[in-house]
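Undergrad: My numbering puts the first residue of the sequence shown at 3, with every later residue one more than the last.
Shown below is the structure under consideration.
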Amino acid sequence: MNQLSSSRSSDQRLSPLLRALLLFDRALGLIERTIVAGSILLMAFLVSAHVVGNIVFGQGITGTYEITEMLIVIITFVGVGYAARHARHISMSAFYEQLSGQRRKALLVLICLGTAVLMFYFSYKSIEYVATIHDRGRTSASLQMPLWIIYLALPAGFALAGIQYVLTIIRNLTSPGIWRSLTEQEDYSDVPVAGSAAEGASTTRDR
């Protein structure tokens with residue numbers, strides 16, 4: 003109860019812009035979780051039913067492997083935005099981890115800006131790719147399903163990731179502290195201590 007009340011009070015102290023962005027982010031998160039979880043559950047059900055059908059009836063479900071491949075595509079690219087939301091993406095942070103304070107925050111904003119531009123560019127190129135598949139009329143082998151419908155996950159996933167990086171930039175520019183995403187703030191343990199002096203003092207005390 004205390005944590006719930008404290009989170010509510012902290013939300014009330016936020017600016018109207020951040021409150022609106024948090025509501026928008028929660029809506030996107032609900033959509034992403036529904037798509038990813040639904041795809042995983044459907045894939046597990048199809049594979050299990052296919053195996054049971056082969057064992058019991060001697061015949062599985064037609065197109066199971068094809069649908070599974072399509073679901074993997076959807077999970078992969080929609081999951082890009084989900085990973086960015088929770089700051090669980092892969093990062094090359096050797097130089098970043100050496101900084102602290104405003105320099106660390108400025109570098110994070112710069113990284114998010116570059117990554118957002120890249121994600122939106124990928125989304126644009128993915129739209130061109132989907133349009134090409136649509137124009138060629140490509141379909142899946144077993145189910146004859148139009149492939150462009152499945153590959154819509156590419157521009158959608160890249161756009162969701164780009165939106166998350168833009169939200170991270172706004173959060174860092176409008177809030178104190180360093181934010182790896184709209185809702186994920188760096189802990190004190192993640193930020194390097196100003197140095198060797200403190201480490202030297204601690205080692206002498208230990209001795």
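Glycine included, every Cβ here is placed at the ideal spot set by N, Cα and C.
Exposed or buried, what is Arg21 when buried is set at 16 or more other beta-carbons lying within 10 Å of its beta-carbon?
TA: For the purposes of this step, residue 21 is taken as the residue at position 19 of the sequence shown. Label assigned to Arg21: exposed.
Undergrad: So what's Thr66 in DSSP terms, helix, strand or just coil?
TA: In the sequence shown, counting from the first residue as 1, residue 66 sits at position 64. Helix.
Undergrad: Considering only the beta carbon of each residue, do Ile76 and Ala161 sit closer than 8 Å?
TA: Counting from one through the sequence shown, the residue named residue 76 turns up at place 74. Counting from one through the sequence shown, the residue named residue 161 turns up at place 159. No, these two residues do not count as a Cβ contact at 8 Å.
Undergrad: May I ask which residues mark the beginning and end of the alpha helix (DSSP H) holding Arg35?
TA: Within the sequence shown, the letter at position 33 stands for residue 35. It spans 18-54 - the alpha helix (DSSP H) in which Arg35 sits, taken as one unbroken run.
Undergrad: Quick one, which of Thr185, Gly159, Ile69, Arg90 has its alpha-carbon nearest Ser142's?
TA: The residue labelled residue 142 in the question sits at position 140 within the sequence shown. For the residues Thr185, Gly159, Ile69, Arg90, the minimum Cα distance to Ser142 belongs to Ile69.
Undergrad: Leu30 to Ala163, Cα distance in whole Å?
TA: Sequence index remark: in the sequence shown, residue 30 carries index 28 (1-based). Sequence index remark: in the sequence shown, residue 163 carries index 161 (1-based). Going from the Cα of Leu30 to the Cα of Ala163 covers about 11 Å.
Undergrad: Find out if the Cβ-Cβ distance for the pair Ser144, Gly62 is shorter than 8 Å.
TA: Position 142 of the sequence shown holds residue 144. Position 60 of the sequence shown holds residue 62. No, they are not a contact pair.
Undergrad: Spell out a yes or no on whether the segment 125-137 and the segment 96-114 are touching, meaning 3 or more CB-CB pairs, one atom from each, closer than 8 Å.
TA: Segments in contact, no.
Undergrad: Since Gln187 sits in a beta bridge, which residues does DSSP pair it with?
TA: In the sequence shown, residue 187 corresponds to position 185, counting from 1. Answer by DSSP bridge pairing, in chain order: Trp181.
Undergrad: Could you please give the first and the last residue of the uninterrupted alpha helix (DSSP H) stretch that includes Pro157?
TA: Along the sequence shown, one-based indexing puts residue 157 at 155. Start and end: 155-176.
Undergrad: What residues are listed by DSSP as bridge partners for Thr141?
TA: Position 139 of the sequence shown, counting from 1, holds the residue named residue 141. Answer is Pro148, bridged to Thr141.
Undergrad: Under a three-way DSSP split, which group does Gly197 fall into?
TA: Residue mapping note: residue 197 aligns to position 195 of the sequence shown, counting from 1. Caution is warranted here: a pLDDT of 49 is assigned to Gly197, below 50, making its placement in the model unreliable, and the coordinate value is therefore given only provisionally. DSSP places Gly197 in coil when its eight states are reduced to three.
Undergrad: Could you give the DSSP three-state label for Cys114: helix, strand or coil?
TA: Looking up residue 114 in the sequence shown gives position 112. Helix.
Undergrad: How about Met72 and Ile129: do their beta carbons lie closer than 8 Å?
TA: Looking up residue 72 in the sequence shown gives position 70. Looking up residue 129 in the sequence shown gives position 127. No.
Undergrad: With burial defined as no fewer than 16 other Cβ atoms inside 10 Å of the residue's Cβ, what is the status of Ser93: buried or exposed?
TA: Against the sequence shown, residue 93 aligns to sequence position 91. Per the 10 Å Cβ criterion, exposed.
Undergrad: Are the C-beta of Met72 and some C-beta of chain B separated by less than 8 Å?
TA: This model lacks chain B altogether, as it is built from one protein chain only.
Undergrad: Can you grab the Cα-Cα spacing for the pair Thr205 / Gln100, in whole Å?
TA: Numbered from its first residue, the sequence shown carries residue 205 at position 203. Numbered from its first residue, the sequence shown carries residue 100 at position 98. With a pLDDT of only 40 at Thr205, under 50, the local geometry of the prediction cannot be trusted, and the value read off the model is given with reservation. Whole-angstrom Cα-Cα distance: 21 Å.
Undergrad: Distance, Cα to Cα, Asn56 vs Ser50?
TA: Within the sequence shown, numbered from 1, the residue matching residue 56 stands at position 54. Within the sequence shown, numbered from 1, the residue matching residue 50 stands at position 48. If I take the Cα positions, the gap works out to 10 Å.
Undergrad: Within a Cβ cutoff of 6 Å, which residues of the same chain sit near Phe79, ignoring the five residues on either side of it in sequence?
TA: Reading the sequence shown from its first residue, position 77 is the one you call residue 79. Excluding residues within five positions, the ones whose Cβ falls inside 6 Å are Ala155, Leu156, Gly159.
Undergrad: Return the chain-ordered list of same chain residues with a C-beta closer than 6 Å to the C-beta of Ile37, the five sequence neighbours on each side being excluded.
TA: Locating residue 37 in the sequence shown gives position 35, counting from the first residue. So the list reads Val80, once near-sequence residues are dropped.
Undergrad: For the putative contact between Thr170 and Leu19, defined by C-beta atoms under 8 Å, what is the C-beta separation to the nearest angstrom?
TA: Along the sequence shown, one-based indexing puts residue 170 at 168. Along the sequence shown, one-based indexing puts residue 19 at 17. At roughly 14 Å, the Cβ-Cβ gap does not stay under 8 Å, so Thr170 and Leu19 are not in contact.
Undergrad: Let me know if Ile165 comes out buried or exposed under the rule of 16 or more other beta-carbons within 10 Å of its beta-carbon.
TA: Mapped onto the sequence shown, residue 165 falls at position 163. It is buried - the Cβ of Ile165 has at least 16 other Cβ atoms within 10 Å.
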